[in-house]
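Per the UniProt record's numbering: the sequence shown ends with 512, consecutive numbering throughout. Using N, Cα and C, we set each Cβ at its ideal position, and we do this for glycine too. Down below is the structure, laid out as structure tokens.
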Amino acid sequence: EATAGELSRSDFPANFVFGVATSAYQVEGARNEDGKGDSIWDIFSQKNGNIKDGSNGNIAVDHYHRYKEDVELISKLGFQAYRFSISWSRIFPDGFGDKVNDKGIAYYNSLIDFLLAKGIQPYVTLYHWDLPYKLHESVGGWLSEKVVEHFAMYAEICFARFGDRVKHWITMNEPLQTAINGYGIGIFAPGRKENNYDEPYIAAHYQILAHAAAVDVYNKKFKATQGGEIGLVVDCEWAEAFSDEVHDKDAAQRRLDFQLGWFLDPIYFGDYPAVMRKRLGDKLPKFSETHKELLQNPIDFVGLNHYTSKLIVHAPDTTQGPFYKIQEIERRVKRQAGDLIGERAASDWLYVVPWGIRKVLNYIAEKYRNPPIYVTENGMDDEEDETASIDHFLNDQRRIQYFKDYLAAVAQAIRDGVDIRGYFAWSLLDNFEWAQGYTKRFGLVYVDYKNGLTRHPKSSAHWFSQFLKDKKDNDLSQN
Ligand code: GBH
């Protein structure tokens, strides 16, 4: 039953998990400490012009040294889970699976143990965009099939060393972003854009296979004894047809096939969507019989990162780049009448459209046989402003409204019958926002970059904390 009044914790199942999320390169810092090797982001971000404010993640928000303080915060706010990622080059400094860096293992052991001591469940991502640089340099990164076996070796070490305590594994974060921004547009590491009609599809292919190889290792060697679950995280904006015309509706469907079907179709149905095959021809790699066998490994859940929605229009002459040219679509934020799809946040791609998340969740449920889903990222940002007072950032009423509205839409999707198991807010802390550097703040907790990286919970953190404690009035009256 939909609630007329305030949203509350009891609109979600009792075993529904609420957590916060981060990723290694965005928060850890400690670039060269304790034997860590460089990743493609360490190299990419040192280059002039790649990062908006000329910054990098050398120190980031120093989570590597302050993880205890940060986990205390998660605990005090009342979250039950923490989604973080492991930096591959802390475990294997050059990416090759021959020498394990014990200090890297020790760091994640301490983090995991501290979380569990506080009653917080770790949800661990193996790959959130920080490929070991040596692996990139010597074999060609995600353009080479060789990375598949190296990733599987890395995954195996993580399962073997941490899997006695980690019961929720994510192989990859948003392979689409690596493919398009890393190998097509070049705004993300490794910064390639020369072969933007081909490389994104190759990079995606080997990420899908690396994912499948890691799942294969887990299912064969660890699952029975460790009893955990494993899945991957995809990002998907809702694609709303710009008009009721058939060509716009078809365009919106193509957009969904090219962003979500690209990754979930091989995993659930064994091959890419037919529309991709038709439009890409030989540019789209093929899965061999061995590959198809690997892909038979079932995943236990879909992780969905969702922030925003777009209007999709049929556009054979689009100027939005090769990726959209092949699809003959354009993404828009203004309706025919000229009004916006939602209010813009700080990032130019992030418009607040709460109803979109309900549609994506229902779409995944319908198309992929109602799999368990976690919303692994959702949130909005504020623009950094060095002249503004700290209170300007702490009093984040818009972020509270964002969470309320998106959570209400998630609760609706649960009532629609979608099997949603949990929700992770992005992000615990303000952090290194990739090509945007520190100019965007997504945190529930403010980080004071000018005063020793001190942490200050924003109003949204307090709101969340209260939400997690609250029961609806009628629940209380039943007690
Ligand atoms: C997530 O990606 C990431 O998983 C997370 O690490 C990140 O901090 C978070 O989003 C917030 O961005 O405007 O041309 O620079 C979400 C997908 C990918 C959407 C990058 C925005 C920026 C393109 N995002 N994209 S651009």
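| Check | Outcome |
| --- | --- |
| Below 8 Å, how does it come out for the region 43-55 and the region 189-198: are there three or more Cβ pairs, yes or no? | no |
| What alpha helix (DSSP H) runs, 4 residues minimum, are completely inside the region 51-116? | 57-60, 73-77 and 96-110 |
| Going straight from the alpha carbon of M309 to that of K319, what length do you get? | 12 Å |
| Assuming M413 is part of the alpha helix (DSSP H), what are its boundary residues? | Looking at the DSSP string, M413 is not in any alpha helix (DSSP H), and its letter there is neither H nor E. |
| Assuming T409 contacts R116 under a Cβ cut-off of 8 Å, what Cβ separation, rounded to an integer in Å, is found between them? | 6 Å |
| Run through DSSP, which three-state label would T341 get? | coil |
| Would L168 pass as a contact of V181 if the rule is Cβ separation under 8 Å? | no |
| Any contact between the region 236-250 and the region 313-333? By contact I mean 3 or more CB pairs, one from each, below 8 Å. | yes |
| Considering only the beta carbon of each residue, do V94 and V480 sit closer than 8 Å? | yes |
| Can you grab the Cα-Cα spacing for the pair Q360 / T352, in whole Å? | 12 Å |
| Closer than 8 Å by C-beta to R198: which residues in its own chain qualify, once you throw out the five before and the five after it? Chain order, please. | I145, D146, L149 and P155 |
| Since I believe L40 is in contact with A441 (beta carbons under 8 Å), could you give me their beta-carbon distance rounded to a whole number of angstroms? | 5 Å |
| What's the gap between the Cα of S143 and the Cα of L477? | 24 Å |
| Buried or exposed: N65, going by 16 or more other Cβ atoms within 10 Å of its Cβ? | exposed |
| Of all the options Y251, Y482 and D231, which has the alpha carbon lying nearest to the alpha carbon of H201? | Y251 |
| Let me check one thing: in DSSP terms, what residues is F457 bridge-paired to? | G52 |
| State the Cα-Cα distance for the pair residue 514 and I397, rounded to the nearest angstrom. | There is no way to answer for residue 514, as the model of the chain reaches only from 34 to 512. |
| Which same chain residues end up closer than 6 Å to Y97 when comparing Cβ atoms and leaving out the 5 residues on each side of it in sequence? | E61, G62 and A63 |
| State the start and end residues of the unbroken beta strand (DSSP E) segment that holds I213. | Unbroken run through I213: none, as it is neither H nor E. |
| Give the DSSP-derived three-state secondary structure of W271 in the structure shown. | strand |
| Does the region 127-138 come into contact with the region 208-222, if we say contact requires no fewer than three beta-carbon pairs (one atom in each stretch) closer than 8 Å? | no |
| Enumerate in chain order the residues of its own chain whose CB-to-CB distance from F497 is below 6 Å, with the five nearest sequence positions on each side excluded. | none |
| Identify whether L159 lies in helix, strand or coil by the three-state DSSP scheme. | strand |
| For W271 and G389, which I take to be in contact (beta-carbon distance under 8 Å), what is that distance rounded to the nearest angstrom? | 3 Å |
| In terms of residue numbering, what span does the beta strand (DSSP E) encompassing Y479 cover? | V478 to D481 |
| Using alpha carbons as the reference points, say which of D315, Y234 and K282 lies closest to R364. | K282 |
| List the residues that DSSP assigns as beta-bridge partners of V443. | DSSP lists no partner for V443. |
| Can you tell which of D503, I138, K325 and D298 has the C-alpha that lies nearest to the C-alpha of R402? | D298 |
| How many Å lie between E278 and L344 at the Cα? | 13 Å |
| If you reduce the DSSP assignment to three classes, tell me which class T204 lands in. | strand |
| With 16 other CB atoms within 10 Å as the buried threshold, where does K504 fall? | exposed |
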